[in-house]
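What follows is one structure encoded as structure tokens, with my remarks underneath.
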Amino acid sequence: MRVSTLRQCISQAFFHEEKTHCLERHLKSHISNFPNRLKITKENELESLKKFAMEYIHHVPDFLDSLKQASIKAGIEEHVFPFLRIAEEYFIKPPKLPNDHIGLMALMDEAYLAHRLFEEVNDRYIARVGMPLIPWDMTLANVVAHQLVGEELANELDEKVHQTVNQMMPAEQNYDSQQFKQYVEEEQGNTTSIWQEWPCLGKAAGIDWALSY
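In terms of our numbering, the sequence shown has 93 at position 109, counting the first letter as 1, and numbering is strictly consecutive.
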């Protein structure tokens, strides 16, 4: 995992944002289109969205690192690592993006793909084991990010995630290994401390589900 390279890409994009405010302009244009099922609880809506976007991007390398550790411990790295490599590669060598998606806004697109891949890994794990590999609900954060990235591009990225999941299905034989079964027995009823320190990114930025949702 080239986590240090990802962190360098993010640092460069943050510096670019300080000079251009590209992400800020993009977020400002999306405030009026924010869906009714979501609400921004803080008075300064733009600041809430900026905080969310920056944290959403900033967490990707940490998640890659921690998910790598958790999968090695569980003995399912052959299944999980391909997901992590795709997320990593998309960050380092992204495909063609909309012309106005540069700097941090481009990384928002790339972070969305990464977090959706993390979510799918977790969902597949829950389906097999009945407990999460990552004891953290990414649904709200990914719904917010989907909105900010834009429906058309976000749907394209979702399709890439689904294709990856289907390609990786044969590697799920790792779930049948003795090492993994022993790991599950040890972890039942416990959530690994790797993840306990991270709050829900949406709620931390003042974004939540609307009561009517």
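Even glycine gets a Cβ: it sits at the ideal position worked out from N, Cα and C.
Computed from a predicted model, the values in this text were never measured in an experiment.
- Listed as beta-bridge partners of D192 by DSSP are K23.
- Inclusion of L7 and A54 in the CB contact set at 8 Å is not warranted, their separation being larger than that value.
- The three-state secondary structure of G114, taken from DSSP, is coil.
- With 16 or more other Cβ atoms inside 10 Å of its own Cβ, P45 counts as buried.
- The C-beta separation of A71 from L88 comes to about 17 Å, leaving the pair out of contact by the 8 Å criterion.
- Cα atoms of H42 and T148: separation of roughly 23 Å, rounded to the nearest angstrom.
- With a cutoff of 8 Å on beta-carbon distance, F67 and L101 are scored as near each other.
- The three-state secondary structure of G134, taken from DSSP, is coil.
- For the pair E104 and V145, the CB atoms are nearer than the 8 Å cut-off.
- Taking all protein chains shown into account, I15 has fewer than 16 neighbouring C-beta atoms within 10 Å of its C-beta and is therefore exposed.
- Taking a contact to require three or more Cβ pairs closer than 8 Å, the region 185 to 193 and the region 122 to 130 qualify as touching.
- Taken through DSSP and simplified to helix, strand or coil, M122 comes out as coil.
- The C-alpha of H99 is placed about 16 Å away from the C-alpha of R(-9).
- According to the DSSP assignment, Y74 belongs to the alpha helix (DSSP H) that extends over E61 to I76.
- Considering only S13, A(-3), N28 and T4, the residue with the shortest C-alpha distance to I191 is N28.
- Here K80 is exposed. Its C-beta has fewer than 16 other C-beta atoms within 10 Å.
- In terms of CA proximity to P19, Q131 leads the group Q166, K3, Q131 and S(-12).
- Note that the C-beta distance between F164 and A95 is not below 8 Å.
- Look at F(-2) here: in three-state DSSP terms it is helix.
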